[in-house]
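*Asks:*
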Amino acid sequence: MKRTIAFFLSLLFVLGGRNGLSAQDSLATSETAPVEVLLLGTLHFNQFHRSDSSTRDFLRPQRQAEFAEVVRQLVGFQADQVFIERERGQQARLDSLYRLAAFDPRDLSDGLSEVYQIGFPLARQLQLAGVVGIDHYESHSQGLLAAGEGYERFRQDLVDFQDYGRQVTQELLQGQHSIRDFLRTLNLPENVARSHRLFYNTPAYVTAGSFRNYDGLDRDQIDTEYIGAEFIALFYERNLKIYSNLLRSQMETGARRIVVIIGQTHVGVLQDLLENNPHYKIVPAGDYLGD
Numbered sequence: 207m208k209r210t211i212a213f214f215l216s217l218l219f220v221l222g223g224r225n226g227l228s229a230q231d232s233l234a235t236s237e238t239a240p241v242e243v244l245l246l247g248t249l250h251f252n253q254f255h256r257s258d259s260s261t262r263d264f265l266r267p268q269r270q271a272e273f274a275e276v277v278r279q280l281v282g283f284q285a286d287q288v289f290i291e292r293e294r295g296q297q298a299r300l301d302s303l304y305r306l307a308a309f310d311p312r313d314l315s316d317g318l319s320e321v322y323q324i325g326f327p328l329a330r331q332l333q334l335a336g337v338v339g340i341d342h343y344e345s346h347s348q349g350l351l352a353a354g355e356g357y358e359r360f361r362q363d364l365v366d367f368q369d370y371g372r373q374v375t376q377e378l379l380q381g382q383h384s385i386r387d388f389l390r391t392l393n394l395p396e397n398v399a400r401s402h403r404l405f406y407n408t409p410a411y412v413t414a415g416s417f418r419n420y421d422g423l424d425r426d427q428i429d430t431e432y433i434g435a436e437f438i439a440l441f442y443e444r445n446l447k448i449y450s451n452l453l454r455s456q457m458e459t460g461a462r463r464i465v466v467i468i469g470q471t472h473v474g475v476l477q478d479l480l481e482n483n484p485h486y487k488i489v490p491a492g493d494y495l496g497d
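Per the working numbering, residue 207 is the first one in the sequence shown, and the count goes up by one each step.
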């Protein structure tokens, strides 16, 4: 019996030795440090650009300097990939634009967006090969939920969210805050929690109701008895697909430190998903946006 045990122990040692690793060493090498992810919640600046306004013209020197300041702050994270809110199917176009030495943002419908004002400059300063699109686009309005039992509770949360969002955005657009200050405010934990609650918690109060419209939806598949839960499911599904794209792109690129530049309302749910994945670690955006 002892000889049998000794034989199997020797066999295990030999088999392990063929790869130059013992069983314990193999386990140790598989436990790599988690991938670090900095989620930068933003708005889509191109939607608020006005060329006839000194504070809303994002091509004016002052605003361009503010974008450059944000980029300088984010460079400190030393990311090896920059992920953006563009669909994977647009990757060839993104790569083509990135390879251009320069282009006029006004030539693109979204040229003043965070993609080109933050994402591209950040990737270039980090000397990366490009940026990576991880979005899965589905268009659903904040006001999609129209009526039902418990609707007033949701409506009040929506009004509070919209009022606060307008106030913060107006302070930026009127020149009261720099772009860095604005982004720092958007990414405060309490503001991420505010938007997350609106889309993924409060709507569940609403039952026996309806949507404002059913464009792009199969009405027969919507359970109106749980209309608020259906609302949550629509928004959650899109973010699950974005999350899946994030994981897939990270594995494809082998990135270990990632900046994700994405609409602020996506941050809370992506944060929850990543925090529950032991292979990833969230790095607060505020750590790199300065005091």
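We put the CB at the ideal spot given by N, CA and C, even for glycine.
Since the model is a prediction, treat every value here as computed from it, not as a measurement.
Figure out for me which residue from G474, F441, Q477 and H255 has the closest Cα to the Cα of G349.
*Replies:* On the sequence shown, residue 349 is found 143 positions in, with the first residue counted as 1. Nearest of G474, F441, Q477 and H255 to G349, Cα basis: F441.
*Asks:* Who are the Cβ neighbours of Q230 in its own chain at under 7 angstroms, not counting the five residues just before and after it?
*Replies:* In the sequence shown, the residue the question calls residue 230 occupies position 24. For Q230, the pLDDT reaches just 37, beneath the cut-off of 50, and the residue's location in the model is therefore unreliable, although a value from the coordinates is still provided. Listed in chain order, the non-local C-beta contacts of Q230 below 7 angstroms within the same chain number zero, local neighbours out to five positions each way being set aside.
*Asks:* What does the Cβ neighbour count give for F309, buried or exposed, with the cut at 16 atoms within 10 Å?
*Replies:* Here residue 309 is taken as the residue at index 103 of the sequence shown, counted from 1. Flag for F309 reads exposed.
*Asks:* Per DSSP, which one or two residues make a beta bridge with Y341?
*Replies:* Indexing the sequence shown from 1 puts residue 341 at position 135. The sequence shown places Asp at residue 341, not Tyr. For D341, which the question treats as bridged, DSSP gives the partners E293.
*Asks:* Which term fits N419, buried or exposed, when burial requires 16 or more other beta carbons within 10 angstroms of its beta carbon?
*Replies:* Position 213 of the sequence shown, counted from the start, is the residue given in the question as residue 419. Classification for N419: exposed.
*Asks:* Leaving out five residues on either side along the sequence, give the residues of the same chain with a beta carbon under 6 angstroms from the beta carbon of V321.
*Replies:* Here residue 321 refers to the residue found at position 115 when the sequence shown is read from its first residue. Correct list, in chain order: I290.
*Asks:* To the nearest angstrom, report how far apart T375 and G492 are at their CA atoms.
*Replies:* Here residue 375 refers to the residue found at position 169 of the sequence shown. Here residue 492 refers to the residue found at position 286 of the sequence shown. When rounded, the distance between both Cα atoms is 18 angstroms.
*Asks:* The alpha helix (DSSP H) spanning R390 covers which residue range?
*Replies:* Within the sequence shown, numbered from 1, the residue matching residue 390 stands at position 184. First-last of the alpha helix (DSSP H) with R390: I385 to L392.
*Asks:* Among G282, V365 and G339, whose alpha-carbon lies nearest the alpha-carbon of R299?
*Replies:* Position 93 of the sequence shown, counting from 1, holds the residue named residue 299. Closest by alpha carbon: G339.
*Asks:* Assuming L379 is part of the alpha helix (DSSP H), what are its boundary residues?
*Replies:* Residue mapping note: residue 379 aligns to position 173 of the sequence shown, counting from 1. Taken as a continuous stretch (DSSP letters only), the alpha helix (DSSP H) holding L379 covers Y357 to L379.
*Asks:* Let me make sure I understand the geometry here. Which of E431, A239, N393 and L245 has the alpha-carbon closest to that of I467?
*Replies:* Position 261 of the sequence shown, counted from the start, is the residue given in the question as residue 467. Out of E431, A239, N393 and L245, L245 has the C-alpha closest to the C-alpha of I467.
*Asks:* So is S455 buried or exposed if we call it buried at 16+ other beta carbons inside 10 Å?
*Replies:* As a working mapping, residue 455 is identified with position 249 in the sequence shown. It counts as buried.
*Asks:* Where do the ends of the alpha helix (DSSP H) carrying L440 lie?
*Replies:* Within the sequence shown, the letter at position 234 stands for residue 440. Membership of L440 in the alpha helix (DSSP H) is indicated by the continuous run I433 to T459.
*Asks:* Taking the alpha-carbon positions, what's the L227 to A239 distance?
*Replies:* Stepping through the sequence shown from its first residue, residue 227 is reached at position 21. Stepping through the sequence shown from its first residue, residue 239 is reached at position 33. Caution is warranted here: a pLDDT of 37 is assigned to L227, below 50, making its placement in the model unreliable, and no coordinate value can be reported.
*Asks:* Taking only the alpha-carbon atoms, compute the straight-line gap between S384 and Y432 and give it to the nearest angstrom.
*Replies:* The residue given as residue 384 occupies position 178 in the sequence shown. The residue given as residue 432 occupies position 226 in the sequence shown. The alpha-carbon atoms of S384 and Y432 are separated by roughly 42 angstroms.
*Asks:* Quick one: what does DSSP say S416 is sitting in, helix, strand or coil?
*Replies:* Walking along the sequence shown from the start, residue 416 turns up at place 210. Correct three-state label for S416: strand.
*Asks:* With DSSP collapsed to three states, give me the class of I467.
*Replies:* Taking the sequence shown and counting its residues from 1, one reaches residue 467 at position 261. Of the three classes helix, strand and coil, the one that applies to I467 here is strand, per DSSP.
*Asks:* Within the same chain, show all residues whose beta-carbon is closer than 7 angstroms to that of L364, passing over the 5 residues directly before and after it, in chain order.
*Replies:* Counting from one through the sequence shown, the residue named residue 364 turns up at place 158. The answer, listed in chain order, is Q348 and L404.
*Asks:* Measuring only the C-alpha atoms, how far is S319 from Q333?
*Replies:* Residue 319 sits at position 113 when you count from the first residue of the sequence shown. Residue 333 sits at position 127 when you count from the first residue of the sequence shown. Those two C-alpha atoms are separated by around 21 angstroms.
*Asks:* Could you have a look at I488 and say whether DSSP puts it in helix, strand or coil?
*Replies:* Position 282 of the sequence shown holds residue 488. It is a strand residue.
*Asks:* Looking only at its chain, what residues have a beta carbon closer than 7 angstroms to the beta carbon of E481, apart from the 5 residues adjacent to it on each side?
*Replies:* Position 275 of the sequence shown, counted from the first residue, corresponds to residue 481. Setting aside the 5 residues that flank it on each side, E481 is surrounded in the same chain by I488, each with a C-beta closer than 7 angstroms to its C-beta; the list follows chain order.
*Asks:* Say the cut is 7 angstroms; is the CB of Q333 nearer than that to a heavy atom of the ligand SAM?
*Replies:* Within the structure as shown, the ligand SAM is missing, as the structure has no ligands at all.
*Asks:* For L404, report the span of its alpha helix (DSSP H) as first-last.
*Replies:* Taking the first residue of the sequence shown as position 1, residue 404 is located at position 198. It spans P395 to Y406 - the alpha helix (DSSP H) in which L404 sits, taken as one unbroken run.
*Asks:* Relative to the C-alpha of E436, which residue among L446, K447, F417 and G422 is closest?
*Replies:* Locating residue 436 in the sequence shown gives position 230, counting from the first residue. The residue with the shortest Cα to Cα distance from E436 is F417.
*Asks:* Whose CA, out of V277, Q287, D429 and F326, lies closest to the CA of R305?
*Replies:* Start at 1 with the first residue of the sequence shown, and residue 305 comes out as number 99. When only C-alpha atoms are compared, the closest one is F326.
*Asks:* Closer than 6 angstroms by C-beta to V473: which residues in its own chain qualify, once you throw out the five before and the five after it? Chain order, please.
*Replies:* In the sequence shown, the residue the question calls residue 473 occupies position 267. Cβ neighbours of V473 beyond the five flanking positions: L245, G247 and V398.
*Asks:* Just mark K401 as buried or exposed, buried being the case when its beta carbon has 16 or more other beta carbons within 10 Å.
*Replies:* As a position in the sequence shown, residue 401 is number 195, starting the count at 1. The amino acid at residue 401 is misidentified as Lys; the sequence shows Ser. It counts as buried.
*Asks:* Check for me: the beta strand (DSSP E) holding G244 runs from which residue to which?
*Replies:* Here residue 244 corresponds to residue number 38 of the sequence shown, with the count starting at 1. The residue asked about is misnamed: residue 244 is Leu in this sequence, not Gly. Element bounds for L244: V241 to T248.
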